[in-house]
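Report on the structure given below.
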RNA sequence: GUCAAGGUGGCGGAGUGGACAAUCGCACCAGACUGUAAAUCUGGCGCCCGAACGGGCUACGGGGGUUCGAAUCCCUCCCUUGACA
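Numbering (full-length UniProt numbering), first residue to last: 1 to 340.
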């Protein structure tokens with residue numbers, strides 16, 4: 001992946017934006033037009049940049065949008081001795097779904113490791129990957145990398161820190177790494193999860209000062225396409241999508257998950273479209289309440305996504321309520337692809 | 001009609017004589033965030049003035065009263081719910 005010259009920088013097209021904007025549809029559309037339009041494209045494949053679609057058997061709630069007969073195919077790509085599969089929709093390969101089962105914990109680091117392999121493989125086959133997703137951090141980690149990503153979790157440390165309050169954690173961090181502690185903003189300095197990770201990193205660094213950094217900055221030629229819509233429009237789409245998912249059988253999907261041994265406490269079940277049902281299955285919530293909560297959670301999620309995208313990435317935004325927007329995207333992407 | 005329990009901010013729901021513009025949850029607004037990121041976390045949230053310490057006004061169903069002081073006590077009216085008729 002290390003390219004000696006600028007010309008050989010691998011190209012990566014990114015389609016991102018908040019939930020319910022039709023990112024995958026656009027990507028599929030782009031795949032089609034790019035391939036059919038010109039001889040330069042030997043093919044386009046989609047990679048999901050999403051923290052929830054990695055879970056098997058969670059299709060409806062995470063919005064994988066798989067057509068009825070969609071089959072998971074095994075590729076000859078392997079990661080840590082495990083095969084990696086993909087789906088094919090409209091003859092386009094989609095990677096990054098169904099990477100783990102819902103009992104497993106997941107994180108950016110796991111995602112990045114495997115997604116890097118997938119991307120490398122796509123580039124080796126001289127195809128253009130389109131990274132599609134709404135998990136900003138995951139996308140950013142693929143594009144720019146994360147410096148401390150190779151610093152592993154320390155389970156026993158986490159366990160011992162588990163019950164400490166934010167001020168206590170902050171105190172511990174301040175002892176280990178005063179600079180880091182001082183650099184935290186008011187929000188993070190009160191965020192137990194962040195503090196624990198910061199302590200984890202600080203401790204790790206203290207232990208191995210001499211270890212050389214393995215971190216390498218990535219060198220990609222990438223463009224960010226962002227999809228958005230006015231708030232009211234998005235809210236309407238969210239409502240419609242919820243109805244759709246109810247019809248598709250989200251309730252049964254959850255029943256199946258629970259039956260197979262997945263707990264509400266599992267990370268996968270903290271996902272939107274799933275977590276809201278907990279009270280319902282416990283008998284303390286009506287379905288209407290579930291739907292109301294679900295809708296609210298989706299709306300709030302969109303807000304957080306937009307804030308993150310706006311402040312963290314340099315994105316070319318497209319309003320999906322403009323009928324011609326796919327053409328605009330197409331034009332832009334083609335220019336970008338041909339350049340250099 | 002009688003009895004009982006109630007009427008608090010957009011909603012739910014605390015407070016039951018001063019520390020109350022009123023805990024908390026939801027909603028809403030503005031944000032943070034490089035190993036759980038669909039997660040986690042922060043701030044704001046009656047109106048007006050002020051950069052800020054702060055100040056002013058209006059508010060706990062309506063009206064009236066007691067009191068230095070009332071969302072909290074008393075009277076009365078209106079409304080809701082439950083029970084008995």
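Here a beta-carbon is modelled for each residue, glycine too, at the ideal position from N, C-alpha and C.
field: residue 133, DSSP secondary structure in three states
entry: In the first chain, residue 133 corresponds to position 133, counting from 1. Looking at residue 133 - three-state DSSP - the assignment turns out to be strand.
Need the endpoints of the alpha helix (DSSP H) that residue 325 sits in, please. Numbered from 1 along the first chain, position 325 holds the residue referred to as residue 325. Segment 325 to 338, the alpha helix (DSSP H) holding residue 325.
key: Chain-order list of residues whose beta-carbon lies under 7 Å from that of residue 27 (same chain, five-residue window excluded)   = Translated into the one-based positions of the first chain, residue 27 becomes position 27. Once the five neighbours on either side are set aside, the close Cβ partners of residue 27 are 15, 46, 130, 132.
To the nearest whole angstrom, what separates the beta carbons of residue 116 and residue 157, a pair I think is in contact under 8 Å?
As a first step, residue 116 must be located in the first chain, where it is residue number 116. As a first step, residue 157 must be located in the first chain, where it is residue number 157. About 27 Å separates the two Cβ atoms, so there is no contact after all.
Are residue 19 and residue 320 closer than 9 Å when you measure CB to CB?
Reading the first chain from its first residue, position 19 is the one you call residue 19. Reading the first chain from its first residue, position 320 is the one you call residue 320. Against a cut-off of 9 Å, the Cβ pair of residue 320 and residue 19 comes out as no contact.
Return the Cβ separation of residue 61 and residue 250 in integer angstroms, given the expectation that the two are a contact with Cβ distance under 8 Å.
Locating residue 61 in the first chain gives position 61, where the first residue counts as 1. Locating residue 250 in the first chain gives position 250, where the first residue counts as 1. Right, their Cβ atoms sit about 5 Å apart.
| task | For the stretch 266 to 276 and the stretch 89 to 106, state whether three or more C-beta atom pairs, one from each stretch, are separated by less than 8 Å. | result | yes
Discussion item. Once DSSP output is grouped into helix, strand and coil, what is the label at residue 16?
Written reply: For this step, residue 16 is matched to residue 16 along the first chain. Strand.
request  = State the beta-bridge partners of residue 73 as determined by DSSP.
outcome  = Here residue 73 corresponds to residue number 73 of the first chain, with the count starting at 1. BP columns for residue 73 point to 86.
query: With a Cβ-Cβ cutoff of 9 Å, do residue 169 and residue 149 count as a contact?
result: Stepping through the first chain from its first residue, residue 169 is reached at position 169. Stepping through the first chain from its first residue, residue 149 is reached at position 149. Taking 9 Å as the Cβ cut-off, residue 169 and residue 149 do not qualify as a contacting pair.
Handout entry: As assigned by DSSP and simplified to three states, the class of residue 138
Key = Translated into positions along the first chain, residue 138 becomes position 138. Residue 138: helix per DSSP, three-state reduction.
### Query
Which whole-angstrom value describes the C-beta separation of residue 367 and residue 222, a residue pair presumed to lie in contact below a C-beta threshold of 8 Å?
This structure cannot settle anything about residue 367, because the visible part of the chain is limited to 1 through 340.
| query | From residue 139 to residue 49, what does the alpha carbon distance come to, in whole angstroms? | reply | Mapped onto the first chain, residue 139 falls at position 139. Mapped onto the first chain, residue 49 falls at position 49. C-alpha separation (whole angstroms): 6 Å.
(message) Using only the alpha-carbon positions, how far apart do residue 236 and residue 271 sit?
(response) For this step, residue 236 is matched to residue 236 along the first chain. For this step, residue 271 is matched to residue 271 along the first chain. Going from the Cα of residue 236 to the Cα of residue 271 covers about 21 Å.
- Reference residue 55; option with closest CA among 233, 261, 106, 226: Here the question's residue 55 lines up with position 55 in the first chain. Ranking the options by Cα distance to residue 55, first place goes to 106.
Of all the options 258, 201, 114, 67, which has the alpha carbon lying nearest to the alpha carbon of residue 248? Here residue 248 refers to the residue found at position 248 when the first chain is read from its first residue. Cα-wise, what sits closest to residue 248 is 67.
| Inter-residue spacing [alpha-carbon to alpha-carbon] between residue 163 and residue 202 | Against the first chain, residue 163 aligns to sequence position 163. Against the first chain, residue 202 aligns to sequence position 202. Taking the straight line from one Cα to the other gives about 19 Å.
- Message: Taking the beta strand (DSSP E) that residue 317 belongs to, which residues open and close that run?
- Response: Position 317 of the first chain, counted from the start, is the residue given in the question as residue 317. Counting along the chain, the beta strand (DSSP E) containing residue 317 begins and ends at 316 to 319.
Practice problem: Look at the alpha carbon of residue 188 and the alpha carbon of residue 195, and state the distance between them as a whole number of angstroms. | Solution: For the purposes of this step, residue 188 is taken as the residue at position 188 of the first chain. For the purposes of this step, residue 195 is taken as the residue at position 195 of the first chain. When rounded, the distance between both Cα atoms is 7 Å.
Opening and closing residue of the beta strand (DSSP E) in which residue 227 lies:
Translated into the one-based positions of the first chain, residue 227 becomes position 227. From DSSP, the beta strand (DSSP E) with residue 227 extends over 221 to 228.
Specify the secondary structure class of residue 161 as computed by DSSP and reduced to three states.
Taking the first chain and counting its residues from 1, one reaches residue 161 at position 161. In this structure, residue 161 counts as helix in the three-state DSSP scheme.
**OP:** Buried or exposed for residue 282, please, with buried defined as at least 16 other CB atoms from any protein chain shown within 10 angstroms of its CB.
**Re:** Within the first chain, residue 282 is the residue found at index 282, counting from 1. Exposed is the call here.
query = From what residue to what residue does the beta strand (DSSP E) around residue 46 run?
reply = As a first step, residue 46 is located in the first chain; it is residue number 46 there, counting from the start. Start and end: 44 to 48.
- Task: Tell me whether residue 123 sits in a helix, a strand or coil according to DSSP, three-state version.
- Result: Walking along the first chain from the start, residue 123 turns up at place 123. Three-state DSSP puts residue 123 in a helix.
Going by C-alpha to C-alpha distance, which of 332, 95, 171 sits closest to residue 224? Walking along the first chain from the start, residue 224 turns up at place 224. Ranking the options by Cα distance to residue 224, first place goes to 332.
May I ask you to report which of helix, strand or coil DSSP gives residue 272? Taking the first residue of the first chain as 1, we reach residue 272 at position 272. Coil, per DSSP.
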